[in-house]
Amino acid sequence: MSNTILFSGSAHREFAEKVAAHRGLELGDVKLQQFSDGEIQASYEETVRGKEVYIIQPTISSESMMELMIMIDAAKRASARHITAVMPYFGWARQDRKDKPRVPIAAKLVAKMLETAGATRIITMDL
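Going by my numbering, the first residue of the sequence shown is number 396, and it counts up by one from there.
Set out below in structure tokens:
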């Protein structure tokens, strides 16, 4: 398990701590900062190069989704081997099909955004 590292976003750190404890791991050190205009910045305070990175963050709001994508992008740019987004709640999952004209398929859009950010896998619990 030394090649695996778990990180938590700010949306539900308590859940992430329980997952880490269950796996016999400690959460990795990531610095999450929010500027006065709401802009989010993530900085990994330990190396993720070549590691299996798991980022635990439910997407309960647009802000938590953006935080997750920024964390994924930072891990990708820090040369993580694989990046798994663990989303206990997948926001926009109800919009998984076109049920009437002129509506988006938001679940597909969100999945594509996560892929573009650098996620290689997604684990979700509530579809």
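Built from N, CA and C at the ideal position, the CB exists for glycine as well.
ask   = Alpha carbon to alpha carbon, how far is aspartate 494 from phenylalanine 485?
value = Looking up residue 494 in the sequence shown gives position 99. Looking up residue 485 in the sequence shown gives position 90. Near 19 Å, if we compare the C-alpha coordinates of phenylalanine 485 and aspartate 494.
request  = Assign serine 456 to one of three DSSP states: helix, strand, or coil.
outcome  = The residue given as residue 456 occupies position 61 in the sequence shown. Serine 456 falls in the coil class under three-state DSSP.
ask   = Mind pulling the alpha helix (DSSP H) runs of 4 or more residues that sit fully within the stretch 483-517?
value = 501-512
message = If contact is defined by three or more beta carbon pairs under 8 Å, each pair taking one atom from either stretch, is the stretch 446-455 in contact with the stretch 471-483?
response = yes
task = Name the residue from Ala514, Lys507, Val498, Ala501 whose alpha carbon lies nearest to the alpha carbon of serine 474.
result = The residue you call residue 474 lines up with position 79 of the sequence shown. The candidate whose alpha carbon is nearest that of serine 474 is Ala514.
inquiry  = Check whether the stretch 499-515 and the stretch 457-467 are in contact - that is, three or more C-beta pairs closer than 8 Å.
reply    = yes
ask   = Taking the C-alpha atoms as reference points, what is the distance between arginine 516 and alanine 470?
value = Here residue 516 is taken as the residue at index 121 of the sequence shown, counted from 1. Here residue 470 is taken as the residue at index 75 of the sequence shown, counted from 1. Distance between the alpha carbons of arginine 516 and alanine 470: 13 Å.
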